[in-house]
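Contents: one structure, followed by commentary.
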Amino acid sequence: MISMPTSSFTDTRFWKSVFPYIRLVRMDRPVGTLLLLWPTLCALWLATGGNPNPNIVLIFVAGTFVMRSAGCAINDFADRKVDLHVERTKDRPIPSGQISPKMAIVTFFGLLLVALGLVLMLNKATIQLSLFGALVAAAYPFFKRITNLPQLVLGVAFSWGIPMAYSAHLGYVPAAAWLLFLANFVWIVAYDTQYAMADREDDLRIGVKSTAILFGEHDNRIVGGLHFTALLLFAWLGLMYQLGWHYYLCLFAAGGFAIYQQWLCRDYDRKNCFLAFKNNIWFGAMIFAGVLLGQAGAA
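Take 31 as the starting number for the sequence shown in this note's numbering and just add one per residue.
Laid out in structure tokens, this is it:
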């Protein structure tokens, strides 16, 4: 009797070799991808009055996954000597020896090539914008060594899909896009500060800088202020686009999630601070739901 060869997809050795790369690019942890995706989808819908080109939507959704993965690869390369001393990150693929720093760089540039292939399907203005976005995404991990404000750099990197989305549909970036950019930027600084709060003790010990360290004992109150400011800016955006009352109801729900995050972080427990960070996927989901419902209500 002739036996059939075992498929590589059912071979445990195959998955043992692939899984470290899945972890490197955080395919097993989609929170960051969703945080990047919600504002990009908002921009696509607002730029087109609720009727985005399906092909462009697919390109941006795929690009969001690819660029977030690329950012994780270069982040882990930059932090390869730091992650070993941080409780939450010491088991990541590079510090644990499952992936070499060289292969992390190869993965990063491979993903950038995929992203380039996607963006080349868009117009010239969007291609030009993407070059700056890729540069900021690659530079972000290294800012943690030189400034207590790396969250501001991440705010730009994670918001850059907004002007690109407008440009892809309109060929230019209107003023409203920059208001959405600013609202999203403020929100990012809030949630990435919560992320840094979870690692503050380790970061202080090894010399990594963050807004959580800069804000000190006022960090949670400042995060609350940033969430409130972001909501005000999102409300202004709703007025600009004349969105219906459904939009503001969703903003109210997003504010509820922000209050819940304040409660989670009240005792500065690292696990709860990390849970607060993750809870921002629901804050972002409410904003996008508000855009969808608000446009439908205003139609």
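Glycine is no exception: its CB is placed at the ideal position from the N, C-alpha and C atoms.
All values reported here derive from a predicted model rather than from experimental measurement.
Residue i: first and last residue of the uninterrupted alpha helix (DSSP H) it sits in
i: Gly285; result: 275-294
i: Met227; result: 205-228
i: Tyr196; result: 191-200
i: Leu114; result: Looking at the DSSP string, Leu114 is not in any alpha helix (DSSP H), and its letter there is neither H nor E.
i: Ile89; result: 84-108
i: Ile243; result: 241-245
Closest residue to residue i among the options (Cα-Cα distance)
i: Phe211; options: Val186, Ile176, Gly163; result: Val186
i: Gly285; options: Ala265, Arg300, Arg122; result: Ala265
i: Val238; options: Leu179, Leu294, Trp217, Ala205; result: Leu179
i: Leu323; options: Phe49, Asp299, Cys280, Asp233; result: Cys280
i: Asp113; options: Ala283, Leu146, Lys174; result: Lys174
i: Asp106; options: Asn81, Leu161, Thr70, Ala169; result: Ala169
i: Leu76; options: Met194, Leu152, Gln224, Lys308; result: Met194
i: Thr137; options: Phe287, Ile52, Phe172, Ala226; result: Ile52
i: Leu71; options: Ser189, Asp109, Phe307, Val55; result: Ser189
i: Val87; options: Ala100, Ala73, Pro204; result: Ala73
i: Ala100; options: Pro82, Ile135, Thr223, Leu67; result: Ile135
i: Leu150; options: Asn85, Val183, Thr259, Lys301; result: Asn85
i: Asp222; options: Asn83, Leu143, Asp232, Ala242; result: Ala242
i: Asn250; options: Asp297, Thr78, Phe172; result: Asp297
i: Leu64; options: Ile218, Ala207, Gly201; result: Ile218
Helix, strand or coil at residue i [DSSP, three-state]
i: Ser160; result: helix
i: Lys174; result: coil
i: Met57; result: coil
i: Gly79; result: coil
i: Trp266; result: helix
i: Ile32; result: Residue confidence is low: Ile32 scores 46 on pLDDT, short of 50, so the model does not pin down where it sits. Its coordinate-derived value is still stated next. Coil.
i: Tyr298; result: coil
i: Asp121; result: coil
i: Leu148; result: helix
i: Asn250; result: helix
i: Gln62; result: It should be noted that the sequence gives Gly, not Gln, for residue 62. In the structure shown, Gly62 sits in a helix (DSSP, three-state: H, G or I).
i: Leu179; result: coil
i: Ile52; result: helix
i: Asn310; result: helix
i: Ile129; result: coil
i: Gly237; result: coil
Proximity test, residue i beta-carbon vs the ligand GTP heavy atom, cut-off 7 Å
i: Asn81; result: You won't find the ligand GTP in this model; it holds no ligand whatsoever.
7 Å CB neighbourhood of residue i in its chain, flanking five on each side removed
i: Thr177; result: Lys239
i: Trp275; result: Gly327
i: Val216; result: Leu256, Thr259, Ala260, Leu263
i: Ala306; result: Gln224, Gln291, Leu294, Cys295
i: Leu165; result: none
i: Asn310; result: Leu65, Tyr221
Own chain partners of residue i with C-beta closer than 8 Å, once the 5 adjacent residues on each side are dropped
i: Leu148; result: Ile89, Ala92, Gly93, Val96
i: Asp58; result: Ile52
i: Lys308; result: Val61
i: Met270; result: Ala206, Leu209
Same chain, Cβ closer than 6 Å to residue i, five either side skipped, listed in chain order
i: Phe49; result: none
i: Phe304; result: Ala228
i: Phe318; result: Trp68, Leu71, Cys72
i: Ser197; result: Ala155, Thr156, Leu159, Val203
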